[in-house]
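Those letters in the sequence shown? Residues 2 to 132, per our numbering, in order. Data block below; observations after.
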Amino acid sequence: MIRRWHVLAAATLVVAAVALFVVGRSTAAEPVDVTTTGTRYAATILIADPAPGRVTVEIKVSKGDADTVAVSAVMAEMGHSTPEISATEREPGRFVAVGELFPMSGVWELAIRLDGPAGEEQLAVKTLITR
Numbered sequence: 002m003i004r005r006w007h008v009l010a011a012a013t014l015v016v017a018a019v020a021l022f023v024v025g026r027s028t029a030a031e032p033v034d035v036t037t038t039g040t041r042y043a044a045t046i047l048i049a050d051p052a053p054g055r056v057t058v059e060i061k062v063s064k065g066d067a068d069t070v071a072v073s074a075v076m077a078e079m080g081h082s083t084p085e086i087s088a089t090e091r092e093p094g095r096f097v098a099v100g101e102l103f104p105m106s107g108v109w110e111l112a113i114r115l116d117g118p119a120g121e122e123q124l125a126v127k128t129l130i131t132r
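Below, the structure is given as structure tokens:
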């Protein structure tokens, strides 16, 4: 009888550990890594930890010579938008913006405004923020 109890307890612990692993993985936000192309510019947007609150957005410009880059976000379904955040050029073609873009979880459209010798263009990508 005691052995049965030990087997049942061990099986319960294994099931609980697997459940925690699966739930933990499903609630962890996957990094955003998206490339978008317009007529003047192409850019890859990287967000290592996409979550509500303060985030770091890296923008790598692969087409066009952008002098300035800024990002903002809109959640049209809820009527939310965030102020534009200017990105700092860390090296040629690589910009980083830090600020609060996503006040809540949900589907957001990230707008990237690029300006340079070719003119101004706004690129947009949708992303899911889950935490």
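C-beta atoms are modelled at their ideal positions from N, C-alpha and C, and glycine is treated no differently. A quick note: this is a predicted structure, and the numbers were derived from the prediction, not measured.
In the DSSP assignment, find the unbroken beta strand (DSSP E) run with residue i in it and report its ends.
i	result
M76	69-76
R91	89-92
I106	The displayed chain sequence assigns Ser, not Ile, to residue 106. Note, S106: premise wrong, no beta strand (DSSP E); not H, not E.
A49	Per DSSP, A49 belongs to no beta strand (DSSP E) and is neither H nor E.
A119	First-last for A119: undefined, no H or E at that position.
E59	54-64
T40	Counting along the chain, T40 falls outside any beta strand (DSSP E), and DSSP gives it neither H nor E.
Could you tell me the alpha carbon to alpha carbon distance between residue i and residue j, rounded to whole angstroms?
i	j	result
S82	D68	25 Å
V72	G100	10 Å
T45	K64	10 Å
G54	P104	6 Å
D116	L124	11 Å
D66	T128	25 Å
Between the options, which lies nearest to residue i when the distance is taken from Cα to Cα?
i	options	result
E85	K64, G107, L111	L111
A98	K127, I113, V58	V58
V62	V75, V35, A52, V56	V35
I162	G80, P51, V126, D50	Outside the shown range of the chain, which is 2 to 132, sits residue 162, and nothing can be said about it.
Discussion item. Does the stretch 32-41 come into contact with the stretch 86-98, if we say contact requires no fewer than three beta-carbon pairs (one atom in each stretch) closer than 8 Å?
Written reply: Cβ pair count under 8 Å is below three, so no.
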